[in-house]
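Participant: Chains A and B supply the protein sequences, listed in that same order.
Numbering that gives the first Met the number 0 puts the first residue of the first sequence at 0, with every later residue one more than the last.
Numbering that gives the first Met the number 0 puts the first residue of the second sequence at 0, with every later residue one more than the last.
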Amino acid sequence: MASTLFRTIQINPFLLYPTALFSRRNGVLYCTMKSSQTQTATQEKQQPPKVKVPQHALKKTVDKITRDYEAIIGIETHVQLSTLTKAFCSCPYNYGSQPNTSICPICMGLPGALPALNSKVIEFAVKLGLALNCKLSLNSKFDRKQYFYPDLPKGYQISQFDIPIATGGYVDLDLPLEFGGGHRKFGITRVHMEEDAGKLLHSGNGDYSQEITSLTSIYSYFSKHTVDLNRAGVPLLEIVSEPDMRTGIEAAEYAAELQRVVRYLGISNGNMQEGSLRCDVNVSIRPVGQSEFGTKVEIKNLNSFSSINRAIDFEISRQALLHSQGQSDQIVQETRLWEEGAQKTVTMRKKEGLSDYRYFPEPDLPEVILTQEYVDSISNSLPELPEAKRRRYEKMGLSMQDVLFLANDMNVAEYFDATLSSGADIKLAANWIMGDIAAYMKNEKLSINDIKLTPQELAELIASIKSGTISGKIGKEILSELLAKGGTVKGLIEEKDLIQATRVRRVYPYERTELNFLIADPVEIGKMIDKVISENPKQLEQYRGGKTKLQGFFAGQWWFRFVFAGLRPLMVTPPARKVMVVADPAPHSAAALQYALSHALLEQDELILLHVENTSSWKNTLTTFLKRPTIASAANAMTPNNSFGPDWGSTDVNFLDQMKYASEIAQPKIPVRIEKIDPDGKDKATVILSKSKDLGIDLIIIGQKRSLSSAILG
Amino acid sequence: MKNTSWVLSFPCFETMLSTLQPPRYLSRLPLRGRTKSRPFHILSSAQPVTKTSFAADQSQILSIRDSLLNRHLSAVELTHSYLDRLKQTEPHINCFLHVSDPDKVLKQAQDIDDKIKRNEEVGPLAGVLVAIKDNICTADMPSTGGSYILEGYRPPFDATAVKRLKDLGAIVVGKTNLDEFGMGSTTEASAFKVTANPWDLSRVPGGSSGGSAASVSARQCVVSLGSDTGGSVRQPASFCGVVGLKPTYGRVSRFGLMAYASSLDVIGCFGSSVADTGILLHAISGHDSLDATSSKREVPDFTSQFTSASSLKSRPLEGLRVGLIRETVDAGVDSGVKSAIEGAATHLEQLGCVLKEVSLPSFSLGLPAYYILASSESSSNLSRYDGVRYGNQASSDELNALYEESRAKGFGSEVCL
């Protein structure tokens, strides 16, 4: 959803300060740390399909049919290892280099050239085998897999056949909460080492990824198609899963967990777009209750976790539909291609029985013999793996959402751990990292290793806020400085003279500008308002009775508390609240909403937009402010004096809907409700307060117009 | 397709020598001044050799070195004489698929002469003309493996064995004919020409290293490299009357040898004496990081064990026990072969060996095992010659047909078997 949000935000004219929306953790919960590097299944899942499939009508019936069937999913994953040189020669491999610039007689398979194994490949394979809880073969070997294809220079691929280096493991993962959550354990059949093939180049349009899907008419390819052998001989680990997955999302999460594991181990960049992590999926279905497997279909060309998910779900529906129509014989063993554009799978090639790869032991390479000491030394050097990290974070008391976010990227997890070891509060550290820091990284397209703020200083910042030295608001300001420029919290506080006590003394004489600045935490302020009101029932009664001068009393009470009691921002996760924003077609109201969305609202909250139909103060400024690109609003904007005219009612609806729409886009998970109330001659503040009591509102956010009193109650 | 071991195996030797005969005196060669014997320390200069009894007259390589260093002969003169002989004999024997440009060869010889003149160190094989079997890659000349599919192919690198020879000062005189990719035992299966036996031009030189054996036999070069998968060095050496040496698998790096059956292939040596062959083997032996199957075992100094024939006692092999494998002289073996083996056995006994007949019950399994390995591995090794990268690409509309036709046109009948 995050990406949807951001995409929409850039074109949404509602926002004065688009960045403000990025700062709340909900907005960035599933964001990438570094867009080119990190992707998670959940994030991608939320991207809307590029092309809508005209399947919606079918969807319901298909859902019904699929309920009667169980899908069996197994995945073969190829992980490209980030060794400095290729598997059997000393050529470096860099993704994206000019074709055939990183080749030698060995990886070109020239006559007489022989492979010599890069020992890093063994090391990485052992690392992955151990990380996937596999049993390692102390004596394994390489085999040749023979087949003809123009991108295979030797006419065979060096692989492992009957004795893979690792077998019989498993991988643990936690499904994200929005997919129902839950822990899963999927079996790993084997992990083996092999070399990559080259790539066919299609000189016409420079599209290097296109594959020849049919062997016919291939000769015409050769006139314009050539082979790039840069990738030939690059080491791969193939990971074969047990057929343990049942849904697209499980499969996508399995692949995402493998990506995390290889990145944690530092054996691959795991980047799917570059082809560093490739998944071929096998899907079959069977009626629920049946024990034997159905005919399996292989799906290729899955370039992202979301395509894994969607391709599998499509394939399950396709097969289930055929089953339910009595055409299960049309499910044949074949390789199908996922077409991202059409969002469907299509036949690539039918398999004529099992391919005979004529495997035999590779005579050019000696056996791979591991000693127990070697395995033990690698085992001892393994980093803490994602699963262990998640369990540890979970034990710390973090929510599963936090756990999944923090453990997703090893660098983020290490940053978090370093912050904690500098003495920071667990939950606060998590919130800062997942909130403002993640948003900053997203905006600046940085990874956590690139930011200037050290974990030690983050811990210092958290401590300073916790101890009350600075407010949360000032903390955020300091944070952005630290992120961009580095430095120390203490240094910045001194440099900017931001110590809260000093500040308070200065603003004491009710300087309104300063006060504006100090309205730091609406949650806190809202609570204080509630408190002030509830502690002074007599005055409230009088106020309601028409003694409007008591506004000043309330304001003073609140201000007193603000200065002397409410200095510390609230940083615990509050329970679900009802947040009310007083909605008017005016900039201060828009600002209040924006403030609520970016600073006050949490995921579990509910937003109520309350509009008091106070016709006397009506001004059609919000529409102007929104700069709605519709003719109607443009006309309104140009003729503000017409606001009493016949168009008036529709404008009313317009701005409320507009606000609701903006809220839903900014915080899609938060339900938004519109309430309208007629003041019926009463004071607006009274109406708001009584309405908020009726609705059981926890927090009221009101835009500040002119005076202090109107900021609170106006 | 392949002749199996023709010679007795001596369990005490690391290598197998095709003949124990002392080298023929090379009267036809225009070499001068083989008079003085020098201390022999070719490849192990760190270890001074104490044995001085071994004379240069039993090794052409040593006598060449001797003559050059004593300035009795220049490398250019020597090279001229070989090139002349090559030019004279080649039309009749057809040993070479490619002969190096004489100017380039003479230039290399001149460089050696210049170095000697300046009293600079020259390599132990300086001035030694070497012929290389055409399935061993050489950077500056074609390497076809005797196959039409690689016609005109020039590798961008030297095989490790060739590189070592060049580093030691040897001059490559050309690429010798062979059965296509080493598959054959007569050198008739070459795509390009048929090599004759120098001793009788109507006969075959054996194979597959027929060109290498015949070129040494015809004195077109001093020594040559061949390759042996199932007898391809030993058998032509025997046919051509030269010393052929098939090293133990792994002793010599296979890097640059076009693979036939990778788990059996070795690069072997031809020379006109045991000493030359030993010196050549020593030059090319040793671990190579480019060949994972090459042995890391230390290379012994074969030359330090050379003994001058004149210093031998009447029964020099006294006490050596030799096993005669019963299965090699059993039923099914040609009577001529059988009598040759028996003759060799008698000769060994005369030299003092104790011969004992032994039985290797698994012997009969050797050939079937060989055929399974050799045909499987060669099928795999030759699959890279698919017409896509090099060789002659057949024109076809369909990929599989392209493969089939390119290979049908490119490979000869022996390979297709």
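The beta-carbon is built from N, C-alpha and C at its ideal position, and this holds for glycine as well.
1. Helix, strand or coil: how does DSSP classify K408 of chain B here?
2. Is the Cβ-Cβ distance between A138 of chain B and I283 of chain B less than 7 Å?
3. By Cβ distance, which residues of its chain are closer than 6 Å to A108 of chain B, with the 5 residues on each side in sequence left out?
4. So, does the CB of F359 of chain A fall closer than 7 Å to a CB anywhere in chain B?
5. Identify whether A74 of chain B lies in helix, strand or coil by the three-state DSSP scheme.
6. Can you give the beta carbon distance from A319 of chain A to I368 of chain A, rounded, assuming they're within the 8 Å contact cut?
7. Indicate whether at least one CB of chain B lies closer than 7 Å to the CB of E210 of chain A.
8. Report the residue ranges of all alpha helix (DSSP H) runs contained in full by the stretch 339-396 of chain B; include only those spanning at least 4 residues, in chain order.
9. Hey, does M347 of chain A have any beta-carbon neighbour from chain B nearer than 7 Å?
10. Taking a cut of 9 Å between CB atoms, which residues from the stretch 95-120 of chain A lie near chain B?
11. Report all residues from its chain with a CB closer than 7 Å to the CB of Q258 of chain A; omit the five preceding and five following residues, and keep chain order.
12. Within 7 Å of any Cβ in chain B, is that where the Cβ of R335 of chain A sits?
13. Between the beta-carbon of F359 of chain A and the beta-carbon of S288 of chain B, is there less than 7 Å?
14. Take R202 of chain B and list the residues in its own chain whose beta-carbon comes closer than 8 Å to its own, dropping the five residues that flank it on each side.
15. Is DSSP giving I368 of chain A helix, strand or coil here?
16. Measuring only between beta-carbons, confirm whether G154 of chain A sits less than 7 Å from chain B.
17. When you compare only the Cα positions, how much space is there between S142 of chain B and G151 of chain B?
18. Secondary structure at N132 of chain A, three-state DSSP: helix, strand or coil?
19. With DSSP collapsed to three states, give me the class of N442 of chain A.
20. What does M257 of chain B touch in chain A if you count any residue whose Cβ is under 7 Å from its own?
21. Tell me whether L539 of chain A sits in a helix, a strand or coil according to DSSP, three-state version.
22. Counting contacts by CB-CB distance shorter than 7 Å, is Y369 of chain B in contact with chain A?
23. Determine the burial state of S184 of chain B: buried for a count of at least 16 other Cβ atoms within 10 Å of its Cβ, exposed for fewer.
24. Closest to I673 of chain A by C-alpha separation, out of A:A387, A:K681 and A:M658, would be which residue?
25. Assuming T228 of chain B contacts G206 of chain B under a Cβ cut-off of 8 Å, what Cβ separation, rounded to an integer in Å, is found between them?
26. Taking DSSP as the reference, what is the three-state secondary structure of P197 of chain B?
27. Could you check whether the Cβ of V414 of chain B sits closer than 7 Å to any Cβ belonging to chain A?
28. Out of curiosity, what's the CA-to-CA distance linking P360 of chain B and L323 of chain B?
29. Give me whichever residues DSSP pairs with T76 of chain A in a beta bridge.
30. To be precise: take each residue of the stretch 363-386 of chain A, compare its Cβ to all Cβ atoms of chain B, and keep it if any distance is under 9 Å. Which residues remain?
31. Excluding the five sequence neighbours on either side, which residues of its own chain have a C-beta within less than 6 Å of the C-beta of S231 of chain B, listed in chain order?
32. Return the Cβ separation of G144 of chain B and D157 of chain B in integer angstroms, given the expectation that the two are a contact with Cβ distance under 8 Å.
33. Please name the residue in B:R296, B:L280, B:L279 and B:I278 whose C-alpha comes closest to that of H286 of chain B.
34. Identify, in the order they occur along the chain, each residue of the same chain with its Cβ nearer than 6 Å to the Cβ of I696 of chain A, setting aside the five sequence neighbours on each side.
35. Considering only the beta carbon of each residue, do K174 of chain B and H97 of chain B sit closer than 7 Å?
36. Within 10 Å of its beta-carbon, does I417 of chain B have 16 or more other beta-carbons around it, so buried, or fewer, so exposed?
Facilitator: Short version:
1. helix
2. no
3. A74, V75 and T78, listed in sequence order.
4. Any Cβ of chain B closer than 7 Å to the Cβ of F359 of chain A would place that residue at the interface, and such an atom is present.
5. helix
6. A319 of chain A to I368 of chain A, Cβ: 48 Å. No contact.
7. Residue placement at E210 of chain A is poorly supported in this model, since its pLDDT is 47, which falls under 50; the coordinates still yield a value, given next. Taking Cβ atoms only, chain B never reaches closer than 7 Å to E210 of chain A, which makes this a no.
8. 365-380
9. no
10. C103, P104, I105, M107, G108, L109, P110, G111, A112, L113, P114, A115 and L116
11. G269 and L276
12. no
13. No.
14. A195, N196 and F238
15. strand
16. The beta carbon of G154 of chain A falls within 7 Å of a beta carbon belonging to chain B, placing the residue at that interface.
17. 7 Å
18. coil
19. In the three-state reduction of the DSSP assignment, N442 of chain A falls in the helix class.
20. P110 and G111
21. helix
22. no
23. buried
24. Ranking the options by Cα distance to I673 of chain A, first place goes to A:M658.
25. With a Cβ gap of about 11 Å, T228 of chain B and G206 of chain B do not count as contacting.
26. coil
27. no
28. 13 Å
29. A:I238 and A:C278
30. D363, L364 and P365
31. G181, S207 and S208
32. Taking C-beta atoms under 8 Å as the contact rule, G144 of chain B and D157 of chain B fail to qualify, at a distance of about 15 Å.
33. Nearest neighbour of H286 of chain B by Cα position, chosen from B:R296, B:L280, B:L279 and B:I278, turns out to be B:R296.
34. K577 and M579
35. Yes, the pair counts as a contact, with Cβ atoms nearer than the cut-off.
36. Outside the modelled stretch of chain B, which goes from 0 to 416, sits residue 417 of chain B, for which no answer is possible.
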